[in-house]
């Protein structure tokens, strides 16, 4: 497996585009994105657990109930959530795109992101669809245009692609994502669109995605708020022409490994780009009694506002780590907990067997001043492990969200 260029257009038969249609006031920012496959593709999705769900999720879930889709359209700047005509707008978007692409409207995945509770005028979307379709390309820039079109408060593009082999046949998989705020575990936590030319049955694709998110997107938190519109969608058009993956085995494992490479990368990029963030935080928990306890502890630490604030200040306040473990509800012997802080500047032990140790505050500060910090927690309860991702909590988070709508 190797990292390649191309994002969502790296795989055979996929095209993408992004334009400014007029939803966002800033005309220099794209606000409408399209991903299109030459052939109908096996399609799987996972959706937000928030009971308040955006209309596009309802429509998408219905559209791909047969396990297939051919296009994804997504607007930014307006979530199309809590609107009386939301379903109608989402369906009309699918109809308008299908008419231009000459595909079935039920083969469209529709998504929206942005402000909740504001009516979404479909006119600029419909007017822009012909140009959006005309702009479809396999050029590397096309993936970046689509990635830009789904951004809201994101400060950087998030895309990746890898090549891998299934039964000796080269396949490619790539993805784009948006996510900066309203990000919290228990799928979904952002918008992610993944494309692959691997040939895989819809039920196995859904199995792969549903399994993968448990250790990837469900382990990301920026601010403790689970969004209303988030989902992850994977499309597999089979154009690599490998033997179809219709059961578990070596080929399925190879696909799972490639998918996980893409999702872990996007998780890290989303966490690093948390609203107002200056640092990516990764929490590695090992030695837990079982995986469930490992995940509970990793999430508790990464979600702690006090831990996040300490990391912003490069303060080796390890007591906040122990505190987060203690109230997590995990089955853990707190008297056997070791804590380390690690970055490109080195690693330092700050807590052993649940108690403080002598360490250099100066060295710890130097380690924590880096923009990627790993909090290493070693337990003495078993052999299970888990990893979570998040970011520091800064003044800018409050500034961004204090006037997000106005």
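Numbering (this note's numbering), first residue to last: 630 to 1035.
Ideal Cβ positions, reconstructed from N, Cα and C, are used throughout, including at glycine.
Item                                                                                                                     : Value
Residue 999 (DSSP reduced to helix, strand or coil)                                                                      : coil
Residue 745 in three-state terms, based on DSSP                                                                          : coil
Simplified DSSP state of residue 953, which is helix, strand or coil                                                     : helix
Inter-residue CB distance, residue 947 and residue 961 (contact presumed, cutoff 8 Å)                                    : Not confirmed; about 16 Å, so no contact.
Alpha-carbon spacing of residue 658 relative to residue 949, whole angstroms                                             : 40 Å
Inter-residue spacing [alpha-carbon to alpha-carbon] between residue 707 and residue 879                                 : 42 Å
Pick from 715, 734, 730, 716 that is closest to residue 616, judged by C-alpha positions                                 : There is simply no residue 616 to check, as the chain begins at 630 and stops at 1035 in what is shown.
Residue 967 - containing beta strand (DSSP E), residue span                                                              : 967 to 972
Contacting residues, own chain, Cβ-Cβ under 6 Å from residue 825 (five flanking each side not counted)                   : 640, 802, 865
Beta-carbon proximity list for residue 872, same chain, < 6 Å, skipping 5 on both sides                                  : 796
Beta-bridge pairing of residue 874 - partner residues as DSSP gives them                                                 : 829
Nearest-angstrom Cβ-Cβ length linking residue 974 and residue 943, presumed shorter than 8 Å                             : Between residue 943 and residue 974 the Cβ distance is about 11 Å, and since that is not below 8 Å, they are no contact.
Helix, strand or coil at residue 934 according to DSSP, with G and I counted as helix                                    : helix
Nearest candidate by alpha-carbon position, reference residue 804, set 794, 899, 683                                     : 899
Whole-Å CB distance - residue 892 paired with residue 841, under 8 Å assumed                                             : 6 Å
Backbone CA spacing between residue 743 and residue 821 [nearest angstrom]                                               : 15 Å
Nonlocal neighbours in the same chain, by C-beta distance under 7 Å from residue 635, ignoring five residues either side : 769, 772, 790, 803
Alpha-carbon to alpha-carbon, residue 972 and residue 710                                                                : 40 Å
Beta-carbon spacing of residue 701, residue 862 below 8 Å                                                                : yes
Cβ contact (3+ pairs, closer than 8 Å) linking the segment 909 to 927 and the segment 1002 to 1020                       : yes
Nearest residue (CA-CA) to residue 704, options 696, 726, 638, 695                                                       : 726
Nearest neighbour of residue 678, chosen from 746, 846, 767, 695 [CA to CA]                                              : 846
Member of 663, 966, 965, 849 whose CA lies at the smallest distance from the CA of residue 762                           : 663
Closest Cα partner of residue 907 within the set 938, 660, 990, 835                                                      : 938
Proximity below 8 Å, CB of residue 941 to CB of residue 1021                                                             : yes
Straight-line gap, residue 774 to residue 647 (C-alpha atoms, nearest Å)                                                 : 5 Å
Alpha-carbon spacing of residue 1018 relative to residue 920, whole angstroms                                            : 16 Å
Exposure label - residue 1032; buried when at least 16 CB within 10 Å                                                    : exposed
Boundaries of the alpha helix (DSSP H) in which residue 1030 is found, first to last residue                             : 1024 to 1031
Boundaries of the alpha helix (DSSP H) in which residue 770 is found, first to last residue                              : 769 to 778
Where residue 597 falls, given that 16 or more other Cβ within 10 Å makes a residue buried                               : The structure shown does not extend to residue 597, since the chain is modelled only from 630 to 1035, so the question has no answer here.
Residue from 924, 903, 838, 850 whose Cα sits closest to the Cα of residue 882                                           : 838
Proximity to residue 936 [Cα-Cα], best of 951, 888, 752                                                                  : 951
Start and end residues, beta strand (DSSP E) containing residue 792                                                      : 788 to 795
7 Å CB neighbourhood of residue 857 in its chain, flanking five on each side removed                                     : 677, 679, 681, 682, 683, 708, 710, 745
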